[in-house]
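Numbering (my numbering), first residue to last: 5 to 269. What follows is a set of notes on a single structure, which appears directly below.
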């Protein structure tokens, strides 16, 4: 866990705007950026790339976003639920199958789940390598291998935070890249804040949902990487919980509610 202070530019912005930016605190910390500006800043000393160059590259490589319309479409899909609804569907099925006792000669629950998810994949256009049954098998293995045991328990079954944190990352990146005006980026992030406040009572719940969604996403791509990411992501979140300079120590998720102390993570 790094003790390096979180960065603030001193910009005069409202608490609600700090809250909106704080949904993406994980990425802000990763990018060593200010917690109170839309653009990713400042430029890092010694870096061969400007922030604009870095965000253009990141949006293209990781998201296929190359212009304003691409950014808006990605943000719309994240706000509507890109991975959280899939997790809500798959998780209870995988939990049931993971806890099933094996009986020789009798097909397990997983076989029926896969058949159902294959049909649903065809209906939703998720056939082939992107089928829901593939994501189900990956998450089932994550449960059986104990990968999720390092996540906050009981496991948060609402992974909306994973999508909302990335709304902030895309909005900030798209503005930094020159694709979106600052006012439009704020509009998207404040919409994300309203959704977060509907789903979570505090930053603790938000973080739990973020971590669950992040590891679900990672497990569907590489189980070994997912196992490694549990500790890395938890350490990052612990620092955001405990450092006095963290945005989560400056504002609560909901106005008028207590800001948690260092003993509460």
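Backbone N, C-alpha and C fix where the C-beta goes; we use that ideal spot for every residue, glycine too. Remember, predicted model here, so these are calculated numbers, not experimental data.
Practice prompt. Assuming residue 84 and residue 193 form a contact by the criterion Cβ under 8 Å, report the distance between their Cβ atoms to the nearest whole angstrom.
Written response: So it is not a contact: roughly 16 Å between Cβ atoms.
Worksheet item: Is residue 204 helix, strand or coil by DSSP?
Response: coil
Worksheet item: In this structure, what does DSSP give as the bridge partners for residue 38?
Response: 11
Fill in: Where residue 199 falls: helix, strand or coil (DSSP)
helix
Worksheet item: Can you give the beta carbon distance from residue 38 to residue 11, rounded, assuming they're within the 8 Å contact cut?
Response: 5 Å
Worksheet item: Are at least three pairs of beta-carbons, each pair with one atom in the region 39-54 and one in the region 170-182, less than 8 Å apart?
Response: yes
Worksheet item: Taking just the CA atoms, how far does residue 27 sit from residue 283?
Response: Given a span of 5 to 269 for the chain in the structure shown, any question on residue 283 remains unanswerable.
Worksheet item: Taking the alpha-carbon positions, what's the residue 139 to residue 14 distance?
Response: 43 Å
Practice prompt. Alpha carbon to alpha carbon, how far is residue 225 from residue 89? Give it in angstroms, no decimals.
Written response: 17 Å
Worksheet item: Candidates 152, 200, 91, 158: which alpha carbon is nearest residue 229's?
Response: 152
Worksheet item: Going straight from the alpha carbon of residue 235 to that of residue 154, what length do you get?
Response: 7 Å
Discussion item. For residue 150 and residue 144, what's the separation of their Cα atoms in angstroms?
Written reply: 10 Å
Fill in: Residues near residue 183 by beta carbon distance below 7 Å, same chain, minus five either side
71, 72, 75
Practice prompt. Specify whether the region 110-124 and the region 45-61 touch according to this definition: at least 3 beta carbon pairs, one from each stretch, less than 8 Å apart.
Written response: no
Worksheet item: So, are the CB atoms of residue 158 and residue 212 less than 7 Å apart?
Response: no
Worksheet item: With respect to the alpha helix (DSSP H) encompassing residue 53, which residues constitute its N-terminal and C-terminal limits?
Response: Looking at the DSSP string, residue 53 is not in any alpha helix (DSSP H), and its letter there is neither H nor E.
Practice prompt. Quick one: which unbroken beta strand (DSSP E) runs of 3-plus residues sit fully inside the region 57-96? Chain order, please.
Written response: none
Worksheet item: Taking DSSP as the reference, what is the three-state secondary structure of residue 255?
Response: coil
Worksheet item: Taking the continuous alpha helix (DSSP H) assigned at residue 165, which residues delimit it?
Response: 164-181
Worksheet item: Expressed to the nearest angstrom, what Euclidean distance is found between the alpha-carbon atoms of residue 205 and residue 167?
Response: 17 Å
Practice prompt. Please work out which residues of its chain come closer than 8 Å, Cβ to Cβ, to residue 189, disregarding the five sequence neighbours upstream and downstream, and give them in chain order.
Written response: 42, 175, 176, 178, 179
Worksheet entry | Euclidean distance between Cα positions of residue 261 and residue 255 | 9 Å
Practice prompt. Consult DSSP for residue 17 and reduce its assignment to one of helix, strand or coil.
Written response: coil
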